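When we follow this note's numbering, the leftmost residue of the sequence shown carries the number 952, and every step to the right adds one.
Beta carbons: idealized from backbone N, C-alpha and C, even for Gly.
For clarity, every value in this text was computed on a predicted model and none was experimentally measured.
To start, the structure under review is shown below, and the notes come after it.
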Amino acid sequence: MKQLHYLFTQRPHLLNLVMGPPDCGKTALLEEYIRKYGDGGGIGYINCRLVDATTPTSFAAALASLGKPALLERLPASVWTDELGAWFTQQFMAIAAGVASLAKLKFDAEGEAITFDFNAAIEALRDLHDRPLGPSSVAAVLTMYNGLLDIWEKARKAGRLEGVLQYPVLVIDEANVLTEWSKADLKDLRFFFRFFIAITKESSRGHVLLATADYAFQTWLTRSLRVVVQNVRPGVISAKQGGDGWTPAKFADAALLLLDSEHNVATLKDMKMRLGRHISTAVAKGHNAQAAAGGQAVAALIRANILSQRPYSEWSQDIPPDAYGPPSSDPSTIITAYSAVNLYCMRGLREDLEKTINE
């Protein structure tokens, strides 16, 4: 219990796995922990013995009905009075579109505004496991969960969350049920694992813990996670060697700049200057020349799907406003890794990247 509590009170950085033989007390431990620390929400618990999680749509329904209410109940009521409440309403309606019936929900149109019944939403989410989800709603469930994590993170940073658990927790008990998904569901399975990696190892916005009595699950999980990155990793390794428009040192500098950033982003200006410093003739001519030279390398890495460029948007939910520059200045365009998996692969190459910079 003590070790579990220590894990959940730290900044998320791992996809966690708890293993033990049948009837050794894993489920009892998890349930006792939830009773002790989960009062008022914060811990989403999915016991795959008790819910249908044998297909992507049924698992997504379980995530919606058992995972989301735990996040909702801990959020301050004030979040529903701003644009985040409107965003949440929109996402919830996207899920509702793929559900046979949501009679408990009541949306009242007042001009262009929508009145959202918070309590009805929680009850409807809890009821989703009894109703069929359409395929499009699987993505909507994950989009909505991701958005809730963003709302939670903003509330945490603002000091608006009460209780010892400052990061949300998702526990999937008897996770070996995921191994029963059919071959036709492999694409969705990888999508879920990419999502788990993104919210734990990459953005550190929430804990995910998988529990099982099946020791073969560890091998299966390792293989599944490897498949998630195997299509991306070769491209990142190749980019590390240099490419059309960038050198190994420029790639290493770009990757390290992202990895060392709090939000794993950099302003376009900073990225240009960082990569431009590798061209001595441009540096000698001044900042403008250095930025122009660095901009060519940035553009090349974007064309190669190694980096991505993001203009500022007040509707962005995955990147906080302060990542776009100081509040006193106009928001800057930012540079990110092309995807969370790309960033994960960069992190795995960190030692090599640092050696490249120091050579």
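Residue i versus residue j - alpha carbon distance
| i | j | result |
| --- | --- | --- |
| residue 1298 | residue 1098 | 24 Å |
| residue 1049 | residue 1009 | Since pLDDT at residue 1049 reaches only 44, below the 50 mark, its modelled position is unreliable, and no value is offered. |
| residue 1289 | residue 1147 | 17 Å |
| residue 1137 | residue 1202 | 32 Å |
| residue 1190 | residue 1286 | 17 Å |
| residue 1002 | residue 970 | 20 Å |
| residue 1067 | residue 1095 | In this predicted model, residue 1067 has a pLDDT of only 38, less than 50, meaning its place in the structure is not dependable enough to derive any value. |
| residue 1069 | residue 1222 | Low per-residue confidence applies at residue 1069: pLDDT is 42, beneath 50, and the placement is therefore not dependable, though the value from the model is reported in the following sentence. Their backbone Cα atoms lie some 42 Å apart in a straight line. |
| residue 1282 | residue 1214 | 15 Å |
| residue 1252 | residue 952 | 46 Å |
| residue 1275 | residue 1149 | 20 Å |
| residue 984 | residue 959 | 11 Å |
| residue 1306 | residue 1200 | 10 Å |
| residue 1243 | residue 1227 | 7 Å |
Residue i vs residue j beta-carbon contact at 8 Å
| i | j | result |
| --- | --- | --- |
| residue 993 | residue 1116 | yes |
| residue 1014 | residue 1122 | no |
| residue 1119 | residue 1022 | yes |
| residue 1293 | residue 1216 | no |
| residue 973 | residue 1105 | no |
| residue 1210 | residue 1301 | yes |
| residue 1232 | residue 1263 | no |
| residue 1145 | residue 1296 | no |
| residue 1241 | residue 968 | no |
Nearest-angstrom beta carbon gap, residue j and residue i [assumed within contact, 8 Å]
| i | j | result |
| --- | --- | --- |
| residue 1131 | residue 1005 | 6 Å |
| residue 1304 | residue 1151 | Incorrect: roughly 22 Å between the Cβ atoms, too far for contact. |
| residue 1026 | residue 1103 | 6 Å |
| residue 1205 | residue 1258 | 7 Å |
| residue 1224 | residue 1245 | 6 Å |
| residue 998 | residue 1124 | 4 Å |
| residue 977 | residue 1162 | 5 Å |
| residue 1248 | residue 1193 | No, residue 1248 and residue 1193 are not in contact; Cβ-Cβ is about 10 Å, not under 8 Å. |
Range covered by the beta strand (DSSP E) that runs through residue i
| i | result |
| --- | --- |
| residue 1259 | 1258-1261 |
| residue 1158 | 1158-1163 |
| residue 1218 | 1216-1218 |
| residue 969 | 966-970 |
Assigned secondary structure, residue i (DSSP; H/G/I helix, E/B strand, else coil)
| i | result |
| --- | --- |
| residue 1197 | strand |
| residue 1109 | coil |
| residue 1124 | strand |
| residue 1307 | helix |
| residue 1230 | coil |
| residue 1170 | helix |
| residue 1287 | strand |
Start-to-end residues for the alpha helix (DSSP H) that takes in residue i
| i | result |
| --- | --- |
| residue 956 | 953-959 |
| residue 1148 | 1137-1148 |
| residue 1186 | 1184-1191 |
| residue 1274 | Note, residue 1274: premise wrong, no alpha helix (DSSP H); not H, not E. |
| residue 1295 | 1291-1299 |
| residue 984 | 977-988 |
| residue 1239 | 1238-1254 |
| residue 1008 | 1007-1013 |
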